[in-house]
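Residue numbers (our numbering), protein chains in the order written: chain A, 1 to 412; chain B, 413 to 824; chain C, 825 to 1236; chain D, 1237 to 1648.
Below you can see the structure in the form of structure tokens.
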């Protein structure tokens, strides 16, 4: 463990209660030494097994962390959703879907899982699918393709990431299974690059060095609709971020994804380097690190900390039992010289459900009247979804057609 | 098609823009006559193949609908997530998990999919898992058990549901495959009831008659944290509603669940009767109905309407790219006779991310001062999550310890 | 162990060296107490675990035995090839093949293994296939069908076999998995009888009581082309016996059939009652008995004794490295007053290879001559295959056409 | 079709009825033009699709043939059982079994079929198993290893075989799937050679050029216990020949092996070049050739001709319904001056069943006497199996001990 980091962190905790809460979580799991370092890549077996860190980056761009959050390690499979996002940005979601599917394989990470009919790997988060996806990234040769991959992941992390050459050499030397997957994909016609090129880029991508803080920023970029909340750079489209999160939801934890979604409820992706990213969409991204793995190749303490975090902090993505806040800030209703008047102050983002609230209110008010004046103050509205615009427009037109005067402040 | 229903609906659309939007969606898909009625249960092949309806119920309890939204049909597999919820309420999530898993099976709905080691069906939404789950519901005999199932689904729908006896008889007469699954589950030790009892309850549960409106209310009950938003009855715990949605996310659309989550992004469950429920958590529930099925047993027009709805109305559950609204309504900052003073007005639900906003604001304000007075007006706070309470309490204590006077209005 | 049987056997060994050899084989394996009694049928767990017997019946109808060769036990899956033979006799091989396949399932005995496309069980020696096969046997009801099964197996054994009612009741009470297989087969349309009827016959068939001697006679009936060599009754056609042996070759030892064929080389079938039958076609049948089973459900000592027997006695069906005996007993060749004369004495069964020998001899003799007299003495020929008749006829006609006089003694 | 070859053949048929019979068989299937040339190796798609030949070589070393029996084509997968035999000769059957199993895979020829636990390919006749087996052959490098493979297959064929370099280049260029299998096997630790070395040898082995006559001689070498019946060279041990035939029996025709064994009953192996070998152990080997393949990669007319041949000529290996010939040629029984005398003339190969005949005869004769003289004339015995020797010796010792005088002529 990095004692310098810990001392510093303790100081910060004195004044940062989020970091303090994360630190307590680490403490609760620190003594668990079960599991083992990944050994199928010899170089991975040389890291300090006790490393343990966590970081949380909100969509407001603030990061809290605890433990060895600045210890470097290789990203491994945590790179997969981000490389999927890169390919989807370059080629479009539909074109990528012609080469790799969306379905959980129900099998381990290194499973073959090529569709019997189409030859497509089951999804981009198993090795076969990740190799195919990585090979879809544009570029004249392997070097150029990898440069793009590195640039994209660096943009997600908000700093330049480098390759651990010793790990890369080790992956390359022991990569028979991944080469097999590449040959199978090529034989099925879904891998367009030569096998050696494809595996070189893939092995390099897995050997990129990150810290737990990097992972939290990368995760927050997905949480924030593709905009890195620290650098404020737009790294990918909202649509690609959404679909990437969807794939992490159903396929991110291999053949344990269903239970993970039920118990933890945060789209996530683990790597055999010991890192895990988890995302609460539109809220925050989390990185955790602990290199001892369970039989499925997931970080044991990392998974457990995320489950505790989700349970104690009620972070399950579907755990929003309160009614959404009404968009109606204030409704002033009085009878003036020109008859009944209504002033409706609305705010925030207008989507289907909030527009429906406004529409229902207006229709109810109008239902008991034959005429009147309505003023909608929408100056506090932050964004209007297309569906909301259409609902409101239709309602207002209907009101006008039936004898009401309607004015609007602000764009709807 | 039921022309009376349609005429009525058109009238309503005149004044209900949500229903009008739904009606337009139906129109866009009405001409698609591909697919076929389910025929493995002979009675299902007798329904009007052209039936087509949709309904949307918000967590505020309002329902909009279009098309044949009041045409009765049998619920079939749409019953499965609700019976899972009932079993989870009675026995707890962990005890149910001892009998049935959480993982997608990667196989068709009637697949065998019993875990080789434990004999557990893969998840509660395939037939094997649904039969096992249904048999976990308490009761002295099959009749009593079914009474509980019917009562629970009726509470979700907000009205008493009845069995279509002709469909039940047809299911019972052609139920060899389901009886096989029950025998397998019993032989594996995960089915505790006699096979005939278990299948009787299961066949009856599948034969319950619902309308598309019923489905939208049932879905809205899941969206609303287990509280039926129409009747306001608490039908299940928030936790059970959350886990039920998680299972629908990974397993709801059989071996198509990953693509469904990527493209539509709404936890859903289909039935061979032609119905589908879909949920946007904490927002609304949807029911759709069209009895012509694709090769996987999913309603073709129903699936397509949901995909169009999600795309046009931007309803993907992970599609919230805007930053969440700040909980800080107003911050008044002035220097008075007693030094610097800050009045912070916060509102809404305080969870991890909104508490972190408040904490960050307070810490930044205090960082440049050695003393001062802070007044937090939390009277507009609707609910405080435990994690938020802890973060705020720790921060306020720290501020007081370092020389600030802090007062709070309202409970935090 | 049955000491009376042993004493008697020892006496016989004094003068029966085959039995003595079998006895030595038992001794070599007697001390192996590994494995366990079948316990999924409770009644099977009540037998003496030390029972150990062997019997060998030649196609000449003589039986040698050693150990507990007269201890009764239930036949279990050893019944399957014989019930297949009965169905094939009644319906024909092709009609049975429409309901059940010929391929090894690569899976355990109780695997589901229904073909995805046709619903046919993989082969008649797994449970699913055996249930379907048993239900193909004719008869008005379950009782009548079972009477035929019992009569057929009794004819193979050469004595009336009876049901162990306690084992039958135990099978019936714990038969969930087999009922599941029957329901699946029925749902796939390959099982024509009601499930309860089918499983009743199947459970009764498995509960028939046999001794090791019975098994050796049953096996010898298959070895002897369908004729019981003891009673000399024709129980099945040669063709059915041949195909039954072929199925035992590829499917008889479940997912161990390939290694069994490589190492032991005798078509065989085991049962969880502890019995195994093995066959050396046209030579002999063997029965062995020892109720402790390995993880695959095969008798451990039974399998080992058969492997030792095959190795020591060189019994592998493909282990006939000597050239087959020539059919030419004598060839007298002299020059008489009418020119060159040849007398050729042939004997035994004339098949393709032996007819080819005769033809080659005749053609070589004639090749250096332009005329001559040939006398074929075929009075010692036991049987002439059609192909041999055609080859000889064509050759003789050709010889006559080119100037030779040919006479034949005996039918060719 | 090669008309010259046909004319020649017709001439021969005039005097060779076996070839004439084969020719008639070809005629019966000649018009079937269903199926297609293998196209996944482009070079294979360039052959004459109408080529059609058959050859039969007996263990006496005579070959009859018909059709295009001397047309060259590449051996492809027909090489696999012979390379297995080579590896088994070099390393022993048990050591090879540590790297590749004996079980049918129930899957197509290019299936992955590596055992989940051990990584062993299912059997040596699927591609994965053949690559692993080929890599077990000794030699310092790929060239040396291939020289051994070519020498061994040439010894089986009785002439030097050469590589079709164009086919080799085509296999090498399109070998992604086989390279994948090799990488998988290497990653599982069962492939010891570098992938490129292993696939080079494998692709060369598959590209060896043979004729149908060659195949029949190679098959006859297996039939003849490992001795090439034409050259009389001992190519492999009897044991290896036996085990090779056993593997062909259970795995030779891929996932059609069970039906093949039931219907045709001749151990066989097909190749996508259009060739098939089939063996009737201790009788003859057959080669057939027709390059149009079915969906499983088997020659359509080749398979059909073999089935017709087996049915019409009654060649099923288990189809020996006649009792085996008695080894007892003559028994002279008279009472002389020294009491009862028996002269027993025995001949042929004495194995378990024939020795049992002799022993039974002797015991029966002695049973009614208290003394006598027995003379066994074994001068016509061609070979005595160890088990027979032991049975006879024990019997004779027993007779002598109980007062009989026994003399033997010839070795027993």
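Quick reminder that beta carbons are idealized off the backbone N, C-alpha and C, glycines included.
From the beta-carbon of residue 98 of chain A, no residue of chain D is found nearer than 7 angstroms; the closest lies around 19 angstroms away. Counting only residues of its own chain and dropping the five nearest sequence neighbours on each side, residue 1426 of chain D has a CB closer than 6 angstroms to the CB of 1335, 1355, 1356, 1368. The shortest C-alpha to C-alpha distance from residue 65 of chain A to any of A:86, A:94, A:26, A:31 is the one to A:26.
For residue 261 of chain A, the chain B residues whose Cβ falls inside 7 angstroms of its Cβ are 658, 661, 662, in order along the chain. Residue 868 of chain C is outside the set of residues whose beta carbon lies under 8 angstroms from a beta carbon in chain B.
Cα atoms of residue 122 of chain A and residue 658 of chain B: separation of roughly 21 angstroms, rounded to the nearest angstrom. Nearest CB-CB separation between residue 725 of chain B and chain A: below the 8 angstroms threshold.
Residue contact check for residue 965 of chain C against chain D: no CB pair falls below 8 angstroms. The Cβ-Cβ distance between residue 1111 of chain C and residue 897 of chain C does not fall below 8 angstroms.
By a beta-carbon distance limit of 8 angstroms, residue 1012 of chain C contacts residue 938 of chain C. Their separation comes to about 6 angstroms. Using a CB distance cut-off of 8 angstroms, residue 187 of chain A counts as an interface residue toward chain D.
Runs of the beta strand (DSSP E) lying entirely within the region 27 to 99 of chain A and spanning at least 3 residues, in chain order: 53 to 58, 63 to 67. With respect to chain C, the C-beta atom of residue 1359 of chain D has a partner C-beta closer than 8 angstroms.
Residue 1637 of chain D sits away from residue 926 of chain C, with the two beta carbons spaced by 8 angstroms or more.
If you draw a straight line from the Cα of residue 1470 of chain D to the Cα of residue 1291 of chain D, it is about 22 angstroms long.
Counting the other Cβ atoms within 10 Å of the Cβ of residue 304 of chain A gives 16 or more, which makes it buried.
The three-state secondary structure of residue 1414 of chain D, taken from DSSP, is helix. Taking the C-beta atoms as reference points, residue 461 of chain B is found no nearer than 8 angstroms to residue 492 of chain B. For residue 176 of chain A, the chain D residues whose C-beta falls within less than 9 angstroms of its own C-beta are 1418, 1419, 1420, 1421, 1422, 1423, 1424, 1427, 1431, listed in chain order.
The Cβ of residue 1493 of chain D sits closer than 8 angstroms to at least one Cβ of chain C. Excluding sequence positions up to five before and after residue 215 of chain A, its CB lies within less than 6 angstroms of the CB of 275, 277, 287, all in the same chain and listed in chain order. Residue environment analysis places residue 576 of chain B among the buried positions, since at least 16 neighbouring C-beta atoms fall within 10 angstroms of its C-beta. When Cβ-Cβ separations below 8 angstroms define contact, residue 472 of chain B makes contact with chain A. The Cβ neighbour count for residue 1448 of chain D, taken over all protein chains shown within 10 Å, is at least 16; the residue is labelled buried. With a contact defined as Cβ atoms closer than 8 angstroms, residue 760 of chain B and residue 739 of chain B qualify at about 5 angstroms. Secondary structure at residue 1525 of chain D: strand, using DSSP grouped into helix, strand and coil.
Between residue 221 of chain A and chain B, the shortest Cβ-Cβ separation is not below 8 angstroms. Going by DSSP, residue 646 of chain B is part of no alpha helix (DSSP H) at all; its letter is neither H nor E. In the assembly as shown, residue 853 of chain C is a buried residue. Its beta-carbon has 16 or more other beta-carbons within 10 Å.
Look at residue 1583 of chain D here: in three-state DSSP terms it is strand.
Only 279, 280, 281, 282, 283, 284 from the region 270 to 297 of chain A bring a Cβ to less than 9 angstroms from some Cβ of chain B. Take the alpha-carbon of residue 496 of chain B and the one of residue 546 of chain B: they are about 7 angstroms apart. Using a Cβ-Cβ cut-off of 7 angstroms, residue 179 of chain A is close to 1419 of chain D, given in chain order.
Residue environment analysis places residue 1178 of chain C among the buried positions, since at least 16 neighbouring C-beta atoms fall within 10 angstroms of its C-beta. For residue 302 of chain A, there is no enclosing beta strand (DSSP E); the enclosing alpha helix (DSSP H) has its first and last residue at 300 to 313. The alpha-carbon separation between residue 129 of chain A and residue 1407 of chain D amounts to approximately 26 angstroms.
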